[in-house]
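Here the UniProt record's numbering is used: the first residue of the sequence shown is 1, the next is one more, and so on.
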Amino acid sequence: MSSIPIPPIPANFLGAGSQTISEEDKLEYMEMPTEMSTFDVNSKIYEWDESQDLSQCKEFLERIHFQMLNYKIDNPNLSFVVHGLDENNLAYLNTLLGEGEVSAIINQKEQIVNIQESIFTGVWRITIIDNDNNLVSDCIEVGDIPEAIVMLNQKNSSKVIFNSALLPENVINAPAILTELKEKREEHGNLKTSLEAINLTLLPHTEDDLISINNVLGLGDTVILSRGYGNCRITSTGVSAIWWVKYFNSTDNEILSTIEVVDIPIVACAAQEDIESSTERLKEFTDEL
């Protein structure tokens, strides 16, 4: 897995509830990269050599597989700290896991959480690095989505706060959209049991509409890329459980833009059958070691 530059996410995010718009304001979103991968925990590229002792990796993978056998996504995620592997075993693990369809970065004040789904859907590599690019933790997590994404997002404000009187006069749908988001966020309950999506692509709106919505919701600290349904880019807002979800075609032109009220957009999540398939495939690879 190769290291990547951390996307330039502003340090001073717009707070949820800020809504004053001047003539100099323009619509700005967190810059979203087109590629992401996890922190480079080992630059060594594994080269197959039958003389290499990979028993450390085999034992580690067998432990993961055993706990995956009866795992259900309704249960808490499984977590395995990556440790006790020498250079060759770690290199083999990195090569085996590879890079799957979903990746994410959570840019916090003092640390950065890098998330990369492996080629085994529902099996995630999660590394945390500090501001000096030192590795803080390295683990493998099994579940529909890494728990850190939801847990850290839930620390944001749960309120959509705005005053229609302070919005620009030429907005068209911003007041109605914000009112609906406010109501849906208040109704929002259990994890992934409800989903409300506002399709901005189908709604007439002005640039000031988007600026107003963006300023009220604020910018979050999470970017998720999902390639399972084309090219989907998901960004958190300053309000928990409210996400911008945008779809792009092969030439990187936006084809669909929505705002979802949900703990985590389903497009980023693995399904139960995905994890069951990954369990079988992981067994096949482990048996060959």
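Ideal Cβ positions, reconstructed from N, Cα and C, are used throughout, including at glycine. Just so we're clear, the structure is a prediction, and the values are computed from it rather than from any experiment.
*By a C-beta neighbour count over all protein chains shown, 10 Å radius and 16 as the cutoff for buried, is Lys-109 buried or exposed?*
Its Cβ having fewer than 16 others within 10 Å, Lys-109 is exposed.
*Where in the region 199 to 260 do unbroken runs of the beta strand (DSSP E), each at least 3 residues long, occur, reported from the N-terminal end onward?*
Listed in chain order, they are 219 to 226, 231 to 237, 242 to 248.
*Any idea what DSSP makes of Gln-52, helix, strand or coil?*
In the structure shown, Gln-52 sits in coil (DSSP, three-state: anything other than H, G, I, E or B).
*asked:* Between which residues of its own chain and Ile-129 is the CB-CB distance below 8 Å, once the five residues before and five after are set aside?
replied: Answer for Ile-129: Phe-39, Gln-111, Ile-112, Asn-114, Leu-135, Val-136, listed in chain order.
*asked:* Let me check understanding here. Comparing Cα to Cα, which of Glu-207, Ile-213, Val-150 lies closest to residue 319?
replied: Any answer about residue 319 is impossible in this case: the structure gives the chain only from 1 up to 289.
*DSSP beta-bridge partners for Cys-139?*
Cys-139 pairs with Val-81, Ile-126.
*CA nearest to the CA of Phe-60, picked from Asp-252, His-188, Tyr-92, Thr-235*: By alpha-carbon distance to Phe-60, the top candidate from Asp-252, His-188, Tyr-92, Thr-235 is Tyr-92.
_Member of Thr-251, Phe-80, Leu-217, Glu-276 whose CA lies at the smallest distance from the CA of Glu-260_ = For the residues Thr-251, Phe-80, Leu-217, Glu-276, the minimum Cα distance to Glu-260 belongs to Leu-217.
_Whole angstroms are fine: how far does the CA of His-65 sit from the CA of Thr-279?_
Straight across, the Cα-Cα distance linking Thr-279 with His-65 is about 6 Å.
_Span separating the alpha-carbon of Lys-155 from that of Asp-53_ = Between Lys-155 and Asp-53, the C-alpha separation is close to 44 Å.
*Mind checking Val-142: buried by the 16 CB within 10 Å criterion, or exposed?*
Val-142 comes out buried.
*asked:* Applying the 10 Å Cβ sphere with the 16-neighbour rule, what's the burial state of His-188?
replied: That one is buried.
*Counting along the chain, where does the beta strand (DSSP E) carrying Gln-116 start and finish?*
Counting along the chain, the beta strand (DSSP E) containing Gln-116 begins and ends at 111 to 117.
*If we count the other Cβ atoms within 10 Å of its Cβ and call it buried at 16 or more, is Ala-104 buried or exposed?*
With 16 or more neighbouring CB atoms inside 10 Å of its own CB, Ala-104 falls in the buried class.
_Unbroken beta strand (DSSP E) run spanning Asn-156, endpoints_ = Boundaries cannot be given for Asn-156, as no beta strand (DSSP E) includes it and DSSP labels it neither H nor E.
*Kindly examine the ligand FAD and report whether one of its heavy atoms sits closer than 7 Å to the Cβ of Thr-237.*
As far as ligands go, the structure on display features none, and thus does not contain the ligand FAD.
*Specify whether the region 138 to 152 and the region 246 to 259 touch according to this definition: at least 3 beta carbon pairs, one from each stretch, less than 8 Å apart.*
They do not touch, by the three-pair rule.
*Leaving out the 5 sequence neighbours to the left and right, which residues in its chain are closer than 7 Å to Gly-98 when beta-carbon positions are compared?*
If we look at Gly-98 and ignore the five residues flanking it on each side, its Cβ neighbours are Ser-118, Ile-119.
*Starting from the C-beta of Ala-270, find all residues in its chain whose C-beta is less than 6 Å away, skip the five residues before and the five after it, and write them out in chain order.*
Excluding positions up to five away in sequence, the list reads Thr-121, Gly-122, Asp-144.
*Where does Phe-66 fall in DSSP's three states?*
Looking at Phe-66 - three-state DSSP - the assignment turns out to be helix.
*asked:* Below 8 Å on the Cβ atoms is my contact criterion, and I expect Leu-56 with Gly-84 to pass it. Report the Cβ-Cβ distance as a whole number of Å.
replied: Rather than Leu, the amino acid found at residue 56 in this sequence is Gln. A Cβ-Cβ distance of about 6 Å is found for the pair Gln-56 and Gly-84, placing them in contact under the 8 Å criterion.
*Comparing alpha-carbon positions, which option in Ser-157, Met-151, Cys-232, Leu-166 lies nearest Glu-186?*
Residue nearest to Glu-186 within the set Ser-157, Met-151, Cys-232, Leu-166 is Ser-157 (criterion: CA-CA distance).
*If you draw a straight line from the alpha carbon of Gly-100 to that of Gln-116, how long is it in whole angstroms?*
If I take the Cα positions, the gap works out to 7 Å.
*With which residues is Ser-103 paired in a DSSP beta bridge?*
In the DSSP secondary-structure assignment, Ser-103 is bridged to Gln-116, Leu-225.
_Closest Cα partner of Gln-272 within the set Asn-77, Glu-50, Glu-62, Asn-163_ = Ranked by how close their Cα comes to the Cα of Gln-272, the residues Asn-77, Glu-50, Glu-62, Asn-163 have Asn-77 in first place.
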